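Some notes on the structure that comes next.
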Amino acid sequence: MSVVVHLVGAGPGDPDLLTVRAARLLADADLVLHDQLVPDEILALVSPAAEVVPVGRRCGSVVVGHPSVVARMAHAAHRGLRVVRLKGGDPVVFGRGGEEVLDLAARGVATELVPGISSAIAAPELAGIPLTHRGLAAGFLVLTGQRRAGDDELGGDWDLAARFSGTVVVLMGAGRCAQLCAALVDRGRAGSTPAAMIAAAGRPEQRTVTGCLADLADRVADADLPTPAVLVVGDVVEVLAAQRTAEAGRTSTAACL
Ligand SMILES: C[S@@+](CC[C@H](N)C(=O)[O-])C[C@H]1O[C@@H](n2cnc3c(N)ncnc32)[C@H](O)[C@@H]1O
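Under the numbering used here, the sequence shown has 84 at position 84, and the numbering climbs by one with no breaks.
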């Protein structure tokens, strides 16, 4: 019998956006270790007989450290248990899934990666913002706004992001919107470039604030958004603006400078 752990993406939060494979694995698991980003509605799909353990980080504080998570998964898998490591969005997009694959392999455990819908794609789309759009954006660039948890330094290549003609998506940047927008403007991106912050995508409390690089940070500060949130920069933010305006209550829109 092969010793295997499933590294599964939970998508942005709405159980309907979970893959069929992820739902099957959750229903069959003996042990599920999940990130703090995974909501209860998805954990409700786990068999009542299974053990469910919260691990990972929330707001920079570690609930259970990476080495003990790997050790626990390896131990359970070697005992023949069906182990699922459940991560928000996609398991490897800023999810440290690759590190867990390598560390499990070092303990004699194989992994199967089960892709999930990343918030990098889901958040803009659920807010009515198409990441690519003919004539406006021929590609998109996804960056982290934080080099590592608790680090003040901005992650990502901001020179590249400022030059990039397509859409820029920034994860892990909710708390530093002003710094991120300024980093792009300082490097030559126009202050009037449309920008949006999408919070709690795929959850009942989902909200979007739109503006432009010059004023988004103030609008976000006034809006008191929930977390987590994704920053989107580019002309695509305005493509479906009319539709968003019609979605009163769920979305607030604002014109650019
Ligand atoms: C550690 S990263 C993990 C990303 C995840 N693996 C993914 O593919 O979506 C966490 C960041 O993802 C973004 N994020 C995750 N879920 C989100 C959601 N439902 N709505 C908005 N942003 C989300 C936020 O930028 C958050 O700071």
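Note that beta-carbon positions come from the ideal geometry of N, C-alpha and C, so glycine has one too. As the structure is a prediction and not an experimental result, all values here were calculated from the model.
Bounds of the alpha helix (DSSP H) holding Ala74 are His66 to His78. For secondary structure counted as the alpha helix (DSSP H) over 4 or more consecutive residues, the segment 83-144 holds these complete runs in sequence order: 97-106 and 119-126.
Exclusion of the five residues before and after Phe164 leaves Leu141 as the residues of its chain whose Cβ lies within less than 6 Å of its Cβ. The C-beta distance from Val69 to Leu33 rounds to 6 Å, short enough to meet the 8 Å contact threshold. If you compare the alpha carbons of Gly135, Gly88 and Arg82 with that of Leu171, the shortest gap goes to Gly88.
As summarised for the segment 148-191, the continuous alpha helix (DSSP H) elements at least 4 residues long and confined to that stretch are 158-163 and 177-186, given in chain order. Set against 8 Å, the gap from the CB of Arg203 to the closest heavy atom of ligand 1 is smaller.
Not a single heavy atom of ligand 1 lies less than 8 Å from the C-beta of Ile129.
Here DSSP, grouped into helix, strand and coil, assigns Ala27 to helix. Rounded to the nearest whole angstrom, the CA to CA distance from Arg85 to Gln146 is 23 Å.
Excluding the 5 residues flanking it on each side, Leu18 has same chain C-beta neighbours closer than 7 Å at Ala10, Gly11 and Ile42, in chain order. Each residue's CA atom was taken as its position, placing Val169 and Leu231 some 6 Å apart. By the neighbour-count criterion, in which a residue is buried when 16 or more other Cβ atoms sit within 10 angstroms of its Cβ, His78 is exposed. Linking Ala27 to Val52 through their CA atoms gives a straight-line distance of about 12 Å. Ala161 and Ala217 do not touch by the CB rule: their CB atoms are close to 16 Å apart, not below 8 Å. For Val233, the beta-bridge partners assigned by DSSP are Val168 and Ala195. With fewer than 16 other beta carbons inside 10 angstroms of its own, Leu102 counts as exposed. Going by beta carbons, Leu126 and Arg82 fall outside the 9 Å limit. Non-local C-beta neighbours of Asp35 in its own chain, meaning closer than 6 Å and more than five positions away in sequence, comprise Gly56, Lys87 and Gly88, ordered along the chain. Restricting attention to His6, Leu184, Ala105 and Glu112, the CA atom closest to the CA of Leu143 is found in Leu184. Contact between Thr208 and Ala196 holds, with the beta-carbon distance rounding to 6 Å and staying under 8 Å. Here the alpha carbon of Arg176 sits roughly 16 Å from the alpha carbon of Asp157. Exclusion of the five residues before and after Glu205 leaves Ala199 and Pro226 as the residues of its chain whose Cβ lies within less than 8 Å of its Cβ. With distances taken between CA atoms, Gly139 lies nearest to Val236 out of Val3, Val236, Asp16 and Val4.
The three-state reading of DSSP puts Arg219 in helix, counting H, G and I together. In the DSSP annotation of this structure, Glu238 is not part of any alpha helix (DSSP H), being labelled neither H nor E.
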